[in-house]
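Enquirer:
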Amino acid sequence: MMTSDTWQLLLIDVLFLCIAGGWGIWMRSWMKAEREEITRCLEDLKAKQEQFEQVSRRLQSACLLLEAKVGRDAREEELREENGEQQVGELEDRYDRAWKLLAQGQAAGEVARRLQLGVAEVELMGRILRHKQRS
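The sequence shown begins at 556 in the numbering used here and counts up one residue at a time.
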C-alpha cells in the first residue's frame, strides 16, 4: 500500500513532469515562431536585394548609354573640327584656283561649275579682279 510520503513523491514527480513538459511545449512553439520570423526577414531581405539589383542594372545601363553618348559626342565634335578645317582648306584652295582661272580669262559660269562654287561668288570675284586690274 502507498504511504503519504510515496504519494507526495509521486505527485511532486508528476508535477515536475508537467512543468517540464509545458516548458518544453512552450520552448518548441517559441522556437517555431522565431524560425518563422527569421524566414520572413530573409524573404524580405531577398526581395530588397532583388530590387537593389534591378535598380543597379538600370543605373549600369544608363551609365553605359551616357558614356557611349559622351564618347560619340566627343568623336562627332572632333570630326566636325577636322571637317571644318578640311573644308576651310578645301574652300581656300578652290578660291585660289578660281582667282587663277578668272585671271586667265575663263568665264565665271565655267569656273563656278568646275570648282563647285556659287556662280554669284565667282562673278563677284571676277568683278573684284577686273576692278584691281583697272586700278
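Each residue gets a CB set at the ideal place from its N, CA and C atoms; glycine is no exception.
If you check the beta carbons only, do Glu678 and Ala663 fall under 7 Å apart?
Expert: In the sequence shown, the residue the question calls residue 678 occupies position 123. In the sequence shown, the residue the question calls residue 663 occupies position 108. Yes, the pair counts as a contact, with Cβ atoms nearer than the cut-off.
Enquirer: Does DSSP put Gln604 in a helix, in a strand, or in coil?
Expert: Looking up residue 604 in the sequence shown gives position 49. The answer is helix: DSSP assigns Gln604 an H, G or I state.
Enquirer: Cβ atoms of Arg685 and Leu670: under 7 Å apart, would you say?
Expert: Numbered from its first residue, the sequence shown carries residue 670 at position 115. Numbered from its first residue, the sequence shown carries residue 685 at position 130. Cβ atoms of Leu670 and Arg685: not closer than 7 Å.
Enquirer: Less than 8 Å between the CB atoms is what I'm expecting for Ala667 and Gly660, so what's the real figure, rounded?
Expert: On the sequence shown, position 112 is the one that residue 667 refers to. On the sequence shown, position 105 is the one that residue 660 refers to. No, Ala667 and Gly660 are not in contact; Cβ-Cβ is about 15 Å, not under 8 Å.
Enquirer: So, with DSSP's three-state summary, where would you put Leu657?
Expert: Taking the first residue of the sequence shown as position 1, residue 657 is located at position 102. In this structure, Leu657 counts as helix in the three-state DSSP scheme.
Enquirer: In three-state DSSP terms, what is Gly626?
Expert: Residue 626 sits at position 71 when you count from the first residue of the sequence shown. Shown here, Gly626 sits in a helix according to DSSP, grouped into three states.
Enquirer: Which same chain residues end up closer than 7 Å to Gly681 when comparing Cβ atoms and leaving out the 5 residues on each side of it in sequence?
Expert: In the sequence shown, counting from the first residue as 1, residue 681 sits at position 126. If we look at Gly681 and ignore the five residues flanking it on each side, its Cβ neighbours are Leu657, Ala663.
Enquirer: How far does the alpha helix (DSSP H) with Met680 in it extend, from its first residue to its last?
Expert: To locate residue 680, count along the sequence shown from 1; it is residue 125. Per DSSP, the unbroken alpha helix (DSSP H) holding Met680 starts and ends at 674 to 689.
Enquirer: In whole angstroms, give me the CA-to-CA distance for Arg590 and Trp578.
Expert: Numbered from 1 along the sequence shown, position 35 holds the residue referred to as residue 590. Numbered from 1 along the sequence shown, position 23 holds the residue referred to as residue 578. In a straight line, the C-alpha of Arg590 is about 18 Å away from that of Trp578.
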